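Accompanying notes for the structure given below.
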Amino acid sequence: MKSVQKKKVSTAKSRHGMVSTASARATDAGVQMLEKGGNAVDAAVAAAFCLGVTEPQASGLGGQSMALLRLRSGELIAVDGSSRAPFGLDSRNIPAQPLKLGIRATTVPSTPATLGYLLERYGTLALRDVLEPSIIAAREGFIFSALQHKLLLREITKMDWQTAEVFKKNNRPLHAGENVIQLDLAFCLEKMADAGWLDFYQGEIASMIAKDMSERGGFISDIDLSKVPAPVERQVLKTTYRGYNIATFPPPGAGRALVQIMNTLENFSPEELTPDTPPYAVILAIAFRAALMDRERSPADPALYPQEMNKWMLDKNYATIVAQRIKKLAAMRGVLPYAPPRTAGETTHLSVADNDGNTVGITQSVELVFGAKTVAKNLGFFYNSYMSAFDYKDILHPFYLLPGVRPWSSVAPTLVFNGEIPKFLLGSPGSERISTSLAQVLTRVLDAEQDLADAVAAPRLHAGSTGRVSIERERFAPEVIAALTDVDCEVSKRGAYSFYLGCVQALQLPQSPNEMFYGVSDPRRDGTAKGPKKGE
């Protein structure tokens, strides 16, 4: 095993709440709301809007957002802000292959509706106050990071020329450290601040989107925008793990996979799950693969099928059977008929808590890196590429591409409780790597009793339904790689702190009045954790 230089982990402590996001400007936006007297919802919405400005490769006004809330009353709510396929689709224009690029690759954006709903129903501050940090970041600019430069070099040739120009200077791609100004996006945000978020769907912004779609051959119409549905509040999924209570996101999200993984791991002793050992890697790899295979075999859209048909994924008895197979090293092989059309997505997550008992985790996305690789004309936000997240072959699949249906999603914002008291709030981007990234952090803090920062920064692996194991190879011992190979895993080498393997934003919440909020931002990307300073 090579000696790998440790990356610095952004951590923070505060007595007055905490914000952790994948962008320092977005983290600051959330903290500003807490310092203004806003609650966790105000802070989360401000941070989410700002991420769309300063981390445009991952999310924005043109995408979709999902939220897990725990209110001061103790109520748990999963807010499903799924986007929808345009109504203009029919058998004549539904393609044979998933759409990933260009204006036809986008579903009806739902992020403004979801964030607006959260603010109006559960927030306390005005929309203009919440949008102000985003407007400033768009108008005055933000500093482009080394990671963003690397992603831009990879994706810029897929962008149309108008979009590429936003991320160029002197006719070449922006370098790390240069300022990014987005005046069209600033205009769009200003318009929403003045006219309300509904303007995105029923006002001037909506008219501009519809015109852009019509002129460039997109599917979305003014009818799609005006009829965007309100987010749906769903019951969270729950399980227990060694005496802790876990709450996570229901379908169409991927909390079922996380529940099955944790239920499976509970059948092994903490000693068997000693981090970074050969047994640890093998147990996790097969447990991950089993859960993701089961999710793909039994996709669930609660709008089309009752969730009861999938309760076996939440059943601890079933997890015991999976664990018994793992103990026999029965590696599972085979290509699944229900495998989703892609596994590589781009997303972001933020975690926020206030001093009044409210916690919010938001996972939001434009699907692929830089979404559909095109921005809305004169509005500056990237259109999403969620048309790539549907099934295009099996008409019986819950996520088969039809007008008005929601896309497949892998989000899993999660809360862990010590009794009734919330102890950890966490989430991650990474498509199907979301549930596996979260499971690794959870077993490290709950089984190995690692510090949260150590658990988030620790070596990570992922095993998908195909049998391939992606692993930060330089950070694992050779005997770990050998053990995975011995159980028929194809090992795929990733870098030491791989962008591919998620970016966990995690909070440890105080269990008594004497404890502080503790925030951690994953070193695999650009984020920070920070708490308000008022009163300190």
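According to our numbering, the sequence shown is numbered sequentially starting from 3. Using N, Cα and C, we set each Cβ at its ideal position, and we do this for glycine too. None of these values were measured; they are calculated from a predicted model.
Simplified DSSP state of residue i, which is helix, strand or coil
i	result
Leu-274	A small fix is needed here, since residue 274 is Glu in this sequence, not Leu. It is coil, neither helix nor strand.
Met-20	strand
Lys-240	strand
Asp-393	strand
Ala-333	Note that Ala-333 scores 44 on pLDDT, short of 50, meaning its location in the model is unreliable; the coordinates nonetheless yield the value given after this. Three-state DSSP puts Ala-333 in coil, outside helix and strand.
Ala-341	Residue placement at Ala-341 is flagged as unreliable, the pLDDT there being 41, under the threshold of 50; the coordinate-derived value follows with that caveat. Looking at Ala-341 - three-state DSSP - the assignment turns out to be coil, as it is neither helix nor strand.
Val-506	coil
Ala-178	coil
His-399	coil
Ala-485	helix
Tyr-520	strand
Gly-363	strand
Cys-500	Inspection of the sequence shows that residue 500 is occupied by Ser rather than by Cys. Three-state DSSP puts Ser-500 in coil, outside helix and strand.
Lys-532	strand
Asp-317	coil
Met-311	Low per-residue confidence applies at Met-311: pLDDT is 49, beneath 50, and the placement is therefore not dependable, though the value from the model is reported in the following sentence. Here Met-311 sits in helix by DSSP.
Ser-209	helix
Ser-216	helix
Ser-353	strand
Ala-249	strand
Ala-283	helix
Val-493	strand
Phe-221	coil
Arg-470	strand
Pro-111	coil
Ala-465	strand
Alpha carbon of residue i to alpha carbon of residue j, nearest angstrom
i	j	result
Met-334	Gln-204	Low per-residue confidence applies at Met-334: pLDDT is 44, beneath 50, and the placement is therefore not dependable enough to give any value.
Arg-327	Ala-485	16 Å
Glu-474	Leu-286	14 Å
Pro-231	Phe-383	21 Å
Asp-92	Ile-397	13 Å
Met-68	Val-81	6 Å
Val-489	Val-284	8 Å
Cys-491	Gly-469	6 Å
Gly-452	Leu-381	Rather than Gly, the amino acid found at residue 452 in this sequence is Gln. Gln-452 and Leu-381: Cα-Cα distance of roughly 45 Å.
Ile-96	Tyr-394	8 Å
Leu-120	Glu-217	33 Å
Glu-134	Ser-367	21 Å
Glu-369	Phe-89	20 Å
Gln-513	Tyr-243	18 Å
Asp-296	His-464	16 Å
Pro-405	Leu-239	28 Å
Ser-433	Gly-64	18 Å
Ala-208	Val-482	53 Å
Lys-535	Gly-39	12 Å
Ala-459	Ser-223	44 Å
Pro-415	Thr-438	12 Å
Val-493	Phe-401	30 Å
Pro-280	Thr-487	11 Å
Gly-76	Glu-57	32 Å
Asp-201	Val-413	27 Å
Glu-274	Tyr-282	6 Å
Glu-192	Ala-140	10 Å
Ala-28	Gly-62	12 Å
Arg-291	Arg-462	15 Å
Val-319	Lys-495	Note on residue identity: the sequence assigns Asn, not Val, to residue 319. About 34 Å.
Gln-66	Lys-9	31 Å
Thr-376	Gly-54	14 Å
Phe-51	Lys-329	46 Å
Ala-107	Pro-233	22 Å
Asp-214	Phe-221	10 Å
Expected contact under 8 Å - CB spacing of residue i and residue j to nearest Å
i	j	result
Phe-419	Leu-403	No, Phe-419 and Leu-403 are not in contact; Cβ-Cβ is about 38 Å, not under 8 Å.
Arg-435	Gly-529	Contact doesn't hold; Cβ gap of about 17 Å is too wide.
Phe-146	Leu-176	5 Å
Ala-188	Lys-532	Contact flag wrong, Cβ pair sits at about 24 Å.
Thr-266	Ala-289	4 Å
Leu-294	Ser-411	With a Cβ gap of about 14 Å, Leu-294 and Ser-411 do not count as contacting.
C-beta neighbour in chain C for residue i, strict 9 Å
i	result
Thr-361	No chain C is present in this structure, which holds just one protein chain.
Inset, instruction - Specify whether the region 12-22 and the region 522-535 touch according to this definition: at least 3 beta carbon pairs, one from each stretch, less than 8 Å apart. - result: yes
Inset, instruction - Give a yes or no on contact between the region 107-117 and the region 427-443, applying the rule of three or more CB pairs nearer than 8 Å. - result: no
Legend entry - Inside the region 404-456 only - alpha helix (DSSP H) runs reaching at least 4 residues: 435-448
Legend entry - Segments assigned alpha helix (DSSP H), at least 4 residues, entirely inside the region 6-93: 26-37, 42-56
Legend entry - Cβ contact check for the region 118-126 and the region 32-49: 3 or more pairs under 8 Å: yes
Inset, instruction - Please confirm if the region 315-329 is in contact with the region 268-283, defined as three or more CB-CB distances below 8 Å between the two stretches. - result: yes
Legend entry - Segments assigned alpha helix (DSSP H), at least 4 residues, entirely inside the region 136-172: 148-157, 163-168
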